[in-house]
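Enquirer: For the sequence shown, position 92 (counting from the first letter as 1) is numbered 92 according to UniProt numbering, and the numbering increases by one without interruption.
Quick reminder that beta carbons are idealized off the backbone N, C-alpha and C, glycines included.
Quick caveat, the model's predicted, so the values are computed rather than measured.
My structure is below; once you've seen it, I'll send some questions.
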Amino acid sequence: LQNSPFDLRQNLHPVNEALTLKQLKEASGLSDEKLAKKIHRNQSYVTDRIGILGLPKDVVAKIGTNRKALFRFAHAVELSRHARTNRFNRDNEVRRLYKKTTDYKLTSTQLEDIVRFIKDGRYDRLPGNLRTLILSHECMTPKVADLFLCPEELFKGDDSEDKLLGERIKKLTPKEREDIVLTAVEERWPERHIKRHLKKFLNPSSQPGSGKEENPVKALDSQFSSFIHKLRDSEYDLDNFTPDALAKLCDRCQRLIDYLKSLQSDA
């Protein structure tokens, strides 16, 4: 190791550095921990770099080094941790998470949250369409997914209204919880305001102006925008697209038709 060229590694591309570390490890027969000590690094330095070589080759080839790169070493490390699991479909999941990362410019922390969500087993407790969304949709995050898994956690505390809503949420069916998540994704609820939006969803009559009938033209425009955004996000891939958005759009269209008919009859 003393005669190795590792002291020149600093300016190497992460993949070349990883290959060098792997060669040193194989030649020396040292563990990651002992190799790290030899080169005066910590163990994670060695493990993380060698780990990225376990990613699918097409993903490894995309690792960039400049600040503007959409997929950098930190992203690759997070994906490599998922790639080292024994999940049957891990390579496909890795590729889809890579695409989500680059499409929506995810930070490595955001990607880490998703990888941890899968590792913790929460991902596997979601229905199929929600699992698809968390691998592909910008607005489907672990926090939004928790609206299906444990929405009552948002309403813990001594507030009387929160207690009532918490009890009500516990009685929701899986389909009702799924509808909440789909609405959150389609309407792009900000994570920091999820609780407020969920309150409005569960108890719309308590919101200001709720006594007024929704403008059907505005409602259709909103639903159509949501539908088109979702369709584009899926890149027109029907495997990544649920019929719920189309059904809601059709419902808005029918409401507008009924509204226009009522205007004609009043004329």
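Does the separation of the CB atoms of F148 and E191 fall below 8 Å?
Expert: Counting from 1 along the sequence shown, the entry for residue 148 is found at position 148. Counting from 1 along the sequence shown, the entry for residue 191 is found at position 191. E191 is positioned such that its CB atom lies no closer than 8 Å to that of F148.
Enquirer: Once DSSP output is grouped into helix, strand and coil, what is the label at G121?
Expert: Locating residue 121 in the sequence shown gives position 121, counting from the first residue. Three-state result, G121: coil.
Enquirer: Is it buried or exposed, G211, if we count other Cβ atoms within 10 angstroms and call 16 or more buried?
Expert: Indexing the sequence shown from 1 puts residue 211 at position 211. Since pLDDT at G211 reaches only 43, below the 50 mark, its modelled position is unreliable, and no value is offered.
Enquirer: Need the endpoints of the alpha helix (DSSP H) that T141 sits in, please.
Expert: Taking the sequence shown and counting its residues from 1, the one referred to as residue 141 is at position 141. For T141, there is no enclosing alpha helix (DSSP H), as DSSP gives it neither H nor E.
Enquirer: For the alpha helix (DSSP H) containing N16, list its first residue and its last residue.
Expert: Taking the first residue of the sequence shown as 1, we reach residue 16 at position 16. Element bounds for N16: P14 to S28.
Enquirer: Taking a contact to mean a Cβ-Cβ separation below 8 Å, would you say L70 touches T102 in this structure?
Expert: Start at 1 with the first residue of the sequence shown, and residue 70 comes out as number 70. Start at 1 with the first residue of the sequence shown, and residue 102 comes out as number 102. Yes; because the gap between Cβ atoms is below 8 Å, this pair is in contact.
Enquirer: From L21 to I118, what does the alpha carbon distance come to, in whole angstroms?
Expert: Within the sequence shown, the letter at position 21 stands for residue 21. Within the sequence shown, the letter at position 118 stands for residue 118. Roughly 29 Å between the two C-alpha positions.
Enquirer: I194 lies in the alpha helix (DSSP H); which residues open and close that run?
Expert: Taking the first residue of the sequence shown as position 1, residue 194 is located at position 194. It spans I194 to L202 - the alpha helix (DSSP H) in which I194 sits, taken as one unbroken run.
Enquirer: Distance, Cα to Cα, T173 vs V94?
Expert: Locating residue 173 in the sequence shown gives position 173, counting from the first residue. Locating residue 94 in the sequence shown gives position 94, counting from the first residue. Cα to Cα, the separation comes out at about 31 Å.
Enquirer: Please name the residue, chosen from K105, K170, H82 and G166, that lies closest to C139 on a Cα-to-Cα basis.
Expert: Here residue 139 corresponds to residue number 139 of the sequence shown, with the count starting at 1. Ranking K105, K170, H82 and G166 by Cα distance to C139 puts K105 first.
Enquirer: Throw me the rounded Cβ distance for the V15 and I63 pair, which I believe falls under 8 Å.
Expert: By one-based count along the sequence shown, residue 15 stands at place 15. By one-based count along the sequence shown, residue 63 stands at place 63. Going by Cβ atoms, the distance from V15 to I63 rounds to 6 Å, so yes, they are a contact pair.
Enquirer: I need the DSSP call for R90, collapsed to helix, strand or coil.
Expert: Translated into the one-based positions of the sequence shown, residue 90 becomes position 90. Reduced to three states, the DSSP call for R90 is helix.
Enquirer: By the 10 Å Cβ neighbour count, where 16 or more other Cβ atoms means buried, how is I257 classified, buried or exposed?
Expert: For the purposes of this step, residue 257 is identified with residue 257 of the sequence shown, where counting begins at 1. Result: exposed.
Enquirer: Quick check: what's the CA-CA separation for R84 versus V181?
Expert: Taking the sequence shown and counting its residues from 1, one reaches residue 84 at position 84. Taking the sequence shown and counting its residues from 1, one reaches residue 181 at position 181. So the two alpha carbons sit approximately 29 Å from each other.
Enquirer: What whole-angstrom Cβ distance do A76 and I52 have, given they're in contact under 8 Å?
Expert: Reading the sequence shown from its first residue, position 76 is the one you call residue 76. Reading the sequence shown from its first residue, position 52 is the one you call residue 52. Contact holds; Cβ gap of about 4 Å.
Enquirer: For T47, collect the residues of the same chain with a Cβ closer than 6 Å to its Cβ; drop the 5 residues on either side in sequence, then sort them by chain order.
Expert: Position 47 of the sequence shown holds residue 47. Taken in chain order, the residues that qualify are D32.
Enquirer: Would you identify the three-state DSSP class for R96, choosing helix, strand or coil?
Expert: Mapped onto the sequence shown, residue 96 falls at position 96. In the structure shown, R96 sits in a helix (DSSP, three-state: H, G or I).
Enquirer: Compute the Euclidean distance between the alpha carbons of K175 and T141, then round it to the nearest angstrom.
Expert: Position 175 of the sequence shown holds residue 175. Position 141 of the sequence shown holds residue 141. Those two C-alpha atoms are separated by around 19 Å.
Enquirer: Quick one, which of E153, Y123 and F73 has its alpha-carbon nearest S108's?
Expert: The residue you call residue 108 lines up with position 108 of the sequence shown. The option with the nearest alpha carbon to S108 is F73.
Enquirer: Can the beta-carbon of L79 be found less than 8 Å from the beta-carbon of L55?
Expert: The count along the sequence shown starts at 1 and reaches residue 79 at position 79. The count along the sequence shown starts at 1 and reaches residue 55 at position 55. Cβ atoms of L79 and L55: closer than 8 Å.
Enquirer: Can you find the residues in the same chain that come closer than 7 Å, C-beta to C-beta, to Q43, ignoring five residues on each side of it along the sequence?
Expert: Your numbering for residue 43 matches position 43 in the sequence shown. Only D32, E33 and A36 meet the Cβ criterion.
Enquirer: Please state whether the Cβ-Cβ distance between A184 and H193 is less than 8 Å.
Expert: For this step, residue 184 is matched to residue 184 along the sequence shown. For this step, residue 193 is matched to residue 193 along the sequence shown. The answer is no: Cβ separation not under 8 Å.
Enquirer: Quick check on DSSP: helix, strand or coil for R177?
Expert: Locating residue 177 in the sequence shown gives position 177, counting from the first residue. Three-state DSSP puts R177 in a helix.
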